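If you read the protein sequences in the order shown, they are chains A and B.
Numbers in the numbering used here are just positions in the first sequence, counted from 1, shifted up by 402.
Numbers in the numbering used here are just positions in the second sequence, counted from 1, shifted up by 108.
Notes to accompany the following structure.
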Amino acid sequence: MLGRTAASLFWMSRYMERAENVARLTEVGYRSALTPDSGGGHRGDWQSVLQAAGCLDGFEARGFPLTADAARDYLLFDRDNPSSVMSCIEIARNNARSVRTAVTREMWEALNSTWNEFAALAPGAVGPARLPEILDWIRQRTALFRGATIGTLLRDEGYHFSQIGAYLERADNTARILKMKYSVLLPSSSGEINDRSAYQWETILRSVSAHSSYRHFYQESYRPHHIAEFLVLRQEMPRSLRHCCDLICESLRHLVVLTEGGHPCVALADQRFGGLCNMKVEQIMTSGLGAFLDGFINDTGELANAIGAEFHFL
Amino acid sequence: MLKKEAYAVGASANAFDEMLDSDGNPRAPYRALAAWLTAQNGSDIRQKQQEADTMFRRLGITFAVYGDAAASERLIPFDMIPRVLAAAEWRFLERGIQQRVRALNAFLYDIYHQQEIIRAGVVPGHMIAGNAAYLPEMMGFDPPRNIYAHIIGTDIVRTGDGGFFVLEDNLRTPSGVSYMLENREAMMRLFPELFAGHLVAPIEQYPDMLRQTLESVAPADCDGDPTLAVLTPGTFNSAYFEHAFLADQMGVELVTGSDLMIEDGALYMRTIRGRERVHVLYRRIDDAYIDPLNFNPDSMLGVPGLFDLYRAGKVTLVNAPGTGIADDKAIYAYVPEIIQFYTGEKPILNNVPTMRCAIPEECAQVLANLQDLVVKEVHGSGGYGMLIGPHATKVELRRFAGLIAANPANYIAQPTLALSTCPAFVGSGTGLGIGPRHVDLRPFVLVGDRIRVTPGGLTRVALKKGSLVVNSSQGGGTKDTWVLED
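Here is the structure:
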């Protein structure tokens with residue numbers, strides 16, 4: 403397999419994962435704008451949504467007032483925003499197009515028809531009324547692409563590069579959401595749980611589509627250290643750091659076998675992420691959730707660079 | 109019922125209609141299809157047209173239009189009525205094409221070696237030496253199996269009395285084969301009942317045949333199975349879809365220049381395991397761009413030193429550099445003589461009669477009949493520098509007469525051809541109907557350990573009523589092409 407092909411498969415899946423995450427974050431912003439705040443208006447959480455999506459600096463650089471419409475358009479449609487859903491789908495498609503021989507017809511059709519249909523949407527035509535429908539559609543289309551990948555792609559190197567791209571993105575996304583909100587998970591000085599914090603916890607879980615699976619899993623109402631545990635350490639939770647890292651390490655081990663080579667990046671991944679399976683959430687909370695997340699985000703970046711260099715991504 | 113445009117007496121009365129004879133009765137190969145067409149209704153056909161459109165768009169079967177950023181990926185219109193050739197018609201074409209490509213490869217070998225044909229006075233030497241497509245760097249080199257043109261598209265037209273003529277040989281990097289294959293796929297999905305009622309010769313073996321052809325010309329220094337790759341200029345090339353399609357169908361890597369490197373006297377591609385040797389490169393990049401060290405120094409598409417490696421027998425380039433000398437418009441006029449010279453046989457397929465302005469008597473004839481002729485610049489392509497006499501104004505005719513007189517060797521002239529017509533779906537909505545439209549045919553030929561011709565080829569159709577221009581950039585479309593088995 404060409405190094406360029408491996409790189410394109412990695413980025414294709416990474417950007418499709420990002421498209422899904424940005425859509426989910428947009429949904430969080432949309433819901434919060436419908437929820438009353440204590441001041442008699444609506445909450446409106448677009449600033450933190452933009453921040454979690456990594457889009458706040460880009461948005462502010464344009465100098466537009468932060469309205470719901472502006473934030474939504476920037477997150478979904480703006481081609482100048484490299485993380486907008488439009489850009490993500492387009493970059494994913496361009497990567498797939500440049501390695502058409504390495505993706506299956508089902509994957510290409512899922513990606514290409516998503517791009518065709520999304521590019522045909524006029525942003526102005528998507529008012530608040532159609533927003534939930536569009537966000538649902540994006541999630542369905544990204545799920546279709548993932549399903550096509552899992553269901554049709556040969557389990558050779560290409561599959562594993564695609565998996566690594568998707569799970570690095572997902573791990574990074576979950577870590578960034580937690581980082582943005584982690585302060586609300588820290589024990590408050592008064593120890594009292596108010597409405598506002600319960601709402602914030604719900605928001606965190608919704609950002610990773612985990613609000614109902616949390617209840618199934620813990621059989622209890624929200625407790626901050628369980629939320630942290632769920633998102634960081636539980637391998638049952640498909641968007642947790644642990645789950646993503648397990649799959650990244652597994653794919654890396656497959657790659658070592660398939661390419662018959664020794665790769666330092668595998669040792670790096672084991673060294674940085676291997677500890678997640680023995681860790682207790684109390685340890686993390688005691689030594690500082692914020693510092694832990696900073697370290698994790700840094701580690702995923704380092705690993706992505708090492709993989710690119712060792713497998714000749716160009 | 110579908111509306112029928114006045115058919116037998118159609119848009120150009122002097123053109124040969126492939127479906128109906130002069131009495132308006134279906135010809136033998138079209139009998140079942142004509143009956144089927146009569147039974148169709150507009151709403152079913154409209155629905156099938158939509159299905160076809162969705163199918164092609166989803167597969168990403170598009171072509172890029174240069175300089176049109178907004179619509180940089182377009183679909184080539186697909187007409188759902190197949191073009192049908194009888195078994196006997198095809199056997200004739202196939203024999204003619206085989207003879208032609210054998211002779212053209214022999215011509216290329218001769219031109220790049222002893223040049224017997226020039227010494228025999230059949231082709232004038234200055235037509236070779238002064239030709240931009242002639243590569244002196246190829247002199248004396250023996251390509252594997254002495255084959256230069258491995259992948260060929262021969263453009264064929266059918267004229268007034270139903271006779272076939274070769275309009276052009278494409279020996280450089282002919283395209284269109286992916287449309288041929290996908291058109292068939294689409295037709296089999298849309299109209300399975302038509303295939304049940306006809307014995308249509310299959311074409312899906314093309315990628316296998318291409319692979320066998322490429323493997324059969326591996327360089328001598330390759331022991332074991334050769335590694336093949338398709339070299340593309342990249343996603344912005346108008347035929348990128350086809351490059352990717354062919355690599356995929358053959359199960360080989362699709363590479364760009366930056367994926368390739370030359371080390372230790374061999375060609376390698378950069379893979380996730382490091383380098384891997386490449387033995388045969390099906391390059392879809394023009395001669396001038398394959399190697400910036402030997403040819404165009406500004407090329408970003410090729411690999412520096414690739415040509416030296418080719419000459420050293422370390423890699424095979426398909427097609428060979430320098431094949432353009434055999435499909436040049438000035439040489440085209442000599443192909444009948446070329447066939448006779450190398451095969452000792454009379455040409456099976458005729459050329460369109462061509463007058464060479466380089467020869468004074470023929471030039472005088474051209475100047476005297478300019479208003480009836482098509483005049484082409486010898487090195488032009490894509491309709492540039494061309495005069496269509498019957499459609500030209502007096503001023504244009506006078507201007508061209510001047511140009512020809514000033515530089516006669518630069519021009520050839522041909523009669524205006526009445527291309528044959530085939531039925532096509534025309535109009536839309538309730539106006540949907542069937543009408544005759546002009547077509548040409550590009551069969552695809554592979555030359556390696558043997559000559560392989562895929563039955564049929566790509567039929568291009570001018571979808572504008574009365575138009576003779578089948579190019580996709582001018583609103584032309586394509587059709588599935590059926591060769592019926594006996």
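A virtual CB, placed ideally from N, CA and C, is assigned to each residue, including glycine.
Every value quoted in this text rests on a predicted model; they were computed, and no experiment measured them.
Paired residues, beta bridge with residue i - DSSP
i: Asp125 of chain B; result: B:Thr529
i: Leu362 of chain B; result: B:Val338
i: Leu404 of chain A; result: B:Thr379
i: Arg464 of chain B; result: B:Ile520
i: Pro640 of chain A; result: None, per the DSSP bridge assignment.
i: Phe477 of chain A; result: According to the sequence displayed, residue 477 of chain A carries Leu and not Phe. BP columns for Leu477 of chain A are empty, so no partner.
i: Lys484 of chain B; result: B:Met494 and B:Ile520
i: Leu592 of chain B; result: B:Val308
i: Arg199 of chain B; result: Partner(s): none; Arg199 of chain B has no beta bridge.
i: Asn459 of chain B; result: B:Val274
i: Pro134 of chain B; result: B:Leu128
First through last residue of the alpha helix (DSSP H) which encompasses residue i
i: Val659 of chain A; result: Leu643 to Thr661
i: Ser188 of chain B; result: Per the sequence shown, the amino acid found at residue 188 of chain B is Met instead of Ser. Taken as a continuous stretch (DSSP letters only), Met188 of chain B belongs to no alpha helix (DSSP H), being part of the beta strand (DSSP E) at Phe186 to Leu193.
i: Leu478 of chain B; result: Unbroken run through Leu478 of chain B: none, as it is neither H nor E.
i: Met163 of chain B; result: Gly150 to Leu167
i: Lys581 of chain A; result: Glu559 to Lys583
i: Val719 of chain A; result: Absent from the structure is residue 719 of chain A, since the part of chain A shown begins at 403 and ends at 716.
i: Pro534 of chain A; result: Leu533 to Thr554
i: Leu505 of chain B; result: Lys502 to Ala514
i: Tyr242 of chain B; result: Tyr242 of chain B -> no alpha helix (DSSP H), and no H or E assigned at all.
i: Val451 of chain A; result: Trp448 to Ala454
i: Ala140 of chain B; result: Arg139 to Ala147
i: Arg718 of chain A; result: The shown model of chain A, from 403 to 716, leaves out residue 718 of chain A, and the question about it has no answer.
i: Arg634 of chain A; result: The sequence shown places Val at residue 634 of chain A, rather than the Arg named in the question. Start and end: Pro626 to Val634.
i: Ile699 of chain A; result: Leu691 to Glu712
i: Glu224 of chain B; result: Glu224 to Arg227
i: Arg253 of chain B; result: Segment: none, Arg253 of chain B is in no alpha helix (DSSP H) and carries neither H nor E.
Where the beta strand (DSSP E) containing residue i begins and where it ends
i: Arg266 of chain B; result: Ile259 to Arg266
i: Ile496 of chain B; result: Met494 to Ile496
i: Leu278 of chain B; result: The amino acid occupying residue 278 of chain B in the given sequence is Asn; Leu does not appear at that position. From DSSP, the beta strand (DSSP E) with Asn278 of chain B extends over Phe272 to Asn278.
Any C-beta of chain D under 8 Å from that of residue i
i: Gly663 of chain A; result: No chain D is present in this structure, whose protein chains are A and B.
Residue i: CB within 7 Å of a non-hydrogen atom of the ligand NAP
i: Asp574 of chain A; result: Of ligands this structure carries none, so the ligand NAP is not represented either.
Quiz item: What are the complete alpha helix (DSSP H) segments, minimum 4 residues, inside the stretch 367-450 of chain B?
Solution: 414-419 and 437-440
Exercise. Tell me the start and end of each unbroken beta strand (DSSP E) in the stretch 299-346 of chain B that is at least 3 residues and wholly inside, in chain order.
Key: 336-339
Quiz item: What beta strand (DSSP E) runs, 3 residues minimum, are completely inside the stretch 518-588 of chain B?
Solution: 519-523, 529-534, 541-550, 552-555, 559-561 and 566-570
Quiz item: Using 8 Å as the Cβ pair cut-off and three pairs as the minimum, do the stretch 609-617 of chain A and the stretch 556-571 of chain A touch?
Solution: no
Quiz item: How about the stretch 649-659 of chain A and the stretch 547-566 of chain A: do they share at least three Cβ pairs that are nearer than 8 Å?
Solution: yes
Exercise. Could you list the residues in the stretch 509-521 of chain A with a C-beta less than 7 Å from some C-beta on chain B, going in chain order?
Key: Trp510, Glu511, Asn514, Ser515 and Asn518
Quiz item: Between the stretch 404-428 of chain A and chain B, which residues of the former have a C-beta closer than 7 Å to a C-beta of the latter?
Solution: Leu404, Gly405, Arg406 and Ala408
Practice problem: Select from the stretch 374-394 of chain B all residues with a C-beta closer than 8 Å to any C-beta belonging to chain A, and list them in chain order. | Solution: Met377, Arg378, Thr379, Ile380, Arg381 and Gly382
Quiz item: What residues in the stretch 544-575 of chain A bring their beta carbon closer than 7 Å to a beta carbon of chain B?
Solution: Glu559
Exercise. Please name the residues in the stretch 406-425 of chain B whose beta-carbon is closer than 8 Å to at least one beta-carbon of chain A, in chain order.
Key: none
Self-check item: Ordered list of beta strand (DSSP E) runs contained in the stretch 479-528 of chain A, each at least 3 residues
Solution: none
Exercise. Please list the residues of the stretch 341-364 of chain B that have a C-beta atom closer than 7 Å to any C-beta atom in chain A, keeping them in chain order.
Key: Thr343, Ala352, Ala355, Asp356, Glu361, Leu362 and Val363
Quiz item: Can you find at least 3 beta carbon pairs, one from the stretch 304-313 of chain B and one from the stretch 242-249 of chain B, that sit closer than 8 Å?
Solution: no
Self-check item: Three CB pairs or more closer than 8 Å across the stretch 629-637 of chain A and the stretch 580-587 of chain A
Solution: yes
Self-check item: Meets three-Cβ-pair contact criterion under 8 Å: the stretch 152-166 of chain B and the stretch 288-301 of chain B
Solution: yes
Quiz prompt | Three-pair Cβ contact test at 8 Å for the stretch 436-445 of chain B versus the stretch 252-269 of chain B | solution = no
Practice problem: Could you please tell me which residues of the stretch 679-713 of chain A, in chain order, have their CB closer than 9 Å to any CB of chain B? | Solution: Glu712 and Phe713
Quiz item: Quick one, which residues of the stretch 476-509 of chain A are near chain B if we go by CB-CB under 8 Å, in chain order?
Solution: Asn496, Arg499, Ser500, Val501, Arg502, Thr503 and Arg507
Quiz prompt | Near-chain A residues of the stretch 154-167 of chain B (beta-carbon distance less than 8 Å), N- to C-terminal order | solution = Arg165, Arg166 and Leu167
Exercise. Count the C-beta pairs between the stretch 503-510 of chain A and the stretch 136-151 of chain B that are closer than 8 Å, then say yes if the count reaches three, no if not.
Key: no
Practice problem: Determine, using beta-carbon pairs with one atom in the stretch 548-568 of chain B and one in the stretch 258-275 of chain B, whether at least three such pairs fall under 8 Å. | Solution: yes
Self-check item: the stretch 424-431 of chain A in contact with the stretch 603-613 of chain A per 3-pair CB rule at 8 Å
Solution: yes
Exercise. Say whether the stretch 538-552 of chain A touches the stretch 512-524 of chain A, bearing in mind that this needs 3 or more beta-carbon pairs closer than 8 Å, one atom from each stretch.
Key: yes
Practice problem: Give a yes or no on contact between the stretch 136-147 of chain B and the stretch 301-308 of chain B, applying the rule of three or more CB pairs nearer than 8 Å. | Solution: yes
Quiz item: Taking one C-beta from the stretch 350-357 of chain B and one from the stretch 400-418 of chain B each time, how about it: are there three or more such pairs within less than 8 Å?
Solution: no
Quiz item: Given 8 Å as the limit, is there contact between the stretch 368-383 of chain B and the stretch 418-430 of chain B, that is, 3 or more CB pairs closer than that?
Solution: yes
Quiz item: Any contact of the stretch 428-441 of chain B with the stretch 451-464 of chain B, i.e. 3+ C-beta pairs under 8 Å?
Solution: yes
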